[in-house]
């Protein structure tokens, strides 16, 4: 039978290879099936293998035959071992016709190939063993081990984070308690109450009322902000004013103070608590307290290059003389401020720089102390 006897001759146009033993082709119009050998001789066979059925062939030459057949109206080719395990499948295209032909091609030492024709589509498929299959158990075990180690790492990181948060919360609580104790120092409370009581005793009702109100305000702010490490600039300045007014009463007007603030400063800017009050308190206690002359404190607040700058200046006896006179001083207030600065850096990423400058005259005599603070201007 030559090509002219086939109604659709384009079906047999395939590459010739001497290694091929035979192939099957189906006429897409009438379903006639032909066998073609390696010499391209073609003969029609009576049986129509185009019907869906299974074939057995040792495709991978392992001594066990595989089942080969179709499923899903000849749209999907199935290959499985003789124990029906390890099934492999592939969807095949077609031109709308459902009949299909399967034949097997032996290619030298290579595994047998599957030749499939569906309508005008021809496919040459290989069935080979997955080289990774023998390692499948180890792969699954490795994946499970990696997942287990990953979960252990996540658990450890989470636990460390919790411990850090607990340590930070504990540190904040201790710092809050210390700041309360420092703000409402028992000696300060005792002295302030004595001054107010003295005004009442002298029947200076207006003075007693004014300073009683300031003392009440001071105590309320100290207690209300006990759970915070920061407050607004407005509240900090109000606290400082009340504190300095009470100290002026106690020292009987021995010093004056002045607060200078630029007009464009936003008073709701958040700053660390006690950042001004602690240094103002040090000026009163260590700088102005031992003086015989009248002293002064100037607090300046301005901004430069998006930085908030705060200065506390006094005309006191200076730090060197103050250290000689105050040998019992613990420096607790400044220590708390340093802790607040460090905590602020860890909590909010805000770095606060400060410096303390000893002021002197042309002869080197101490004329006071200047504290400079600088922090980002954020409101």
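Numbering (this note's numbering), first residue to last: 1 to 379. No residue lacks a Cβ here, since even glycine has one placed at the ideal position from N, Cα and C.
Below 8 Å on the Cβ atoms is my contact criterion, and I expect residue i with residue j to pass it. Report the Cβ-Cβ distance as a whole number of Å.
| i | j | result |
| --- | --- | --- |
| residue 297 | residue 280 | 6 Å |
| residue 244 | residue 310 | Contact doesn't hold; Cβ gap of about 15 Å is too wide. |
| residue 267 | residue 213 | In fact, because the Cβ distance is near 21 Å, the residues do not count as touching under 8 Å. |
| residue 317 | residue 299 | Wrong, their Cβ atoms sit about 19 Å apart, outside the cutoff. |
Going by beta-carbon coordinates alone, are residue i and residue j separated by less than 8 Å?
| i | j | result |
| --- | --- | --- |
| residue 357 | residue 370 | yes |
| residue 230 | residue 293 | no |
| residue 218 | residue 251 | no |
| residue 92 | residue 68 | no |
| residue 102 | residue 55 | yes |
| residue 262 | residue 235 | no |
| residue 112 | residue 146 | no |
Quick check: what's the CA-CA separation for residue i versus residue j?
| i | j | result |
| --- | --- | --- |
| residue 110 | residue 94 | 28 Å |
| residue 246 | residue 222 | 15 Å |
| residue 375 | residue 326 | 30 Å |
| residue 198 | residue 312 | 30 Å |
| residue 367 | residue 335 | 25 Å |
| residue 88 | residue 78 | 6 Å |
| residue 340 | residue 151 | 36 Å |
| residue 122 | residue 143 | 40 Å |
| residue 307 | residue 286 | 29 Å |
| residue 76 | residue 159 | 53 Å |
| residue 57 | residue 154 | 52 Å |
| residue 106 | residue 140 | 35 Å |
| residue 127 | residue 161 | 53 Å |
| residue 322 | residue 295 | 15 Å |
| residue 208 | residue 272 | 31 Å |
| residue 301 | residue 345 | 21 Å |
| residue 253 | residue 319 | 23 Å |
| residue 3 | residue 83 | Below a pLDDT of 50, predicted positions are generally treated as unreliable, and residue 3, at 35, falls in that range; the measurement from the model is reported next regardless. Looking at the two C-alpha atoms, the distance is approximately 42 Å. |
| residue 43 | residue 132 | 43 Å |
| residue 290 | residue 256 | 15 Å |
| residue 124 | residue 104 | 9 Å |
| residue 163 | residue 347 | 15 Å |
| residue 349 | residue 260 | 28 Å |
| residue 130 | residue 64 | 16 Å |
| residue 274 | residue 206 | 29 Å |
| residue 114 | residue 66 | 12 Å |
| residue 215 | residue 354 | 29 Å |
| residue 156 | residue 136 | 30 Å |
| residue 324 | residue 282 | 15 Å |
| residue 81 | residue 165 | 60 Å |
| residue 220 | residue 343 | 24 Å |
| residue 39 | residue 134 | 41 Å |
| residue 204 | residue 305 | 48 Å |
| residue 258 | residue 242 | 13 Å |
| residue 359 | residue 189 | 31 Å |
| residue 200 | residue 237 | 27 Å |
| residue 41 | residue 61 | 27 Å |
| residue 224 | residue 193 | 20 Å |
| residue 148 | residue 228 | 41 Å |
For residue i, count the other beta carbons within 10 Å of its own beta carbon; 16 or more makes it buried, fewer makes it exposed. Which is it?
| i | result |
| --- | --- |
| residue 7 | Per-residue confidence for residue 7 stands at a pLDDT of 38, beneath the threshold of 50, marking its modelled position as unreliable; no derived number is given. |
| residue 364 | exposed |
| residue 315 | buried |
| residue 100 | buried |
| residue 119 | buried |
| residue 86 | exposed |
| residue 278 | buried |
| residue 167 | exposed |
| residue 361 | exposed |
| residue 195 | buried |
| residue 284 | buried |
| residue 249 | buried |
| residue 337 | buried |
| residue 378 | exposed |
| residue 138 | exposed |
| residue 288 | buried |
| residue 51 | Confidence at residue 51 is low in this model, with a pLDDT of 42, below 50, so the placement of that residue should be treated as unreliable; the coordinate-derived value is given next. Counting Cβ neighbours within 10 Å, residue 51 comes out exposed, since fewer than 16 surround it. |
Closest Cβ-Cβ distance between residue i and chain D: below 8 Å?
| i | result |
| --- | --- |
| residue 82 | Absent from the structure: chain D. Only one protein chain is present. |
**Prompt:** Can you list the alpha helix (DSSP H) stretches of 4 or more residues lying completely in the stretch 324-373, in chain order?
**Reply:** Runs of the alpha helix (DSSP H) inside the stretch 324-373: 332-348.
**Request:** Entirely within the stretch 60-87 and at least 3 residues each: give me those beta strand (DSSP E) ranges in chain order.
**Result:** The qualifying runs are 66-71 and 76-81.
**Message:** For a minimum of 4 consecutive residues, which ranges assigned as the alpha helix (DSSP H) are wholly contained in the stretch 95-134?
**Reply:** For the stretch 95-134, not a single whole alpha helix (DSSP H) run of length 4 or above is found.
**Request:** Give, in chain order, every unbroken run of the alpha helix (DSSP H) that is at least 4 residues long and sits entirely within the stretch 273-322.
**Result:** Within the stretch 273-322, the complete alpha helix (DSSP H) segments of 4 residues or longer fall at 277-282, listed in chain order.
**Asked** Which ranges would you report for the alpha helix (DSSP H) in the stretch 208-247 if only whole runs of at least 4 residues count?
**Response** Runs found: none.
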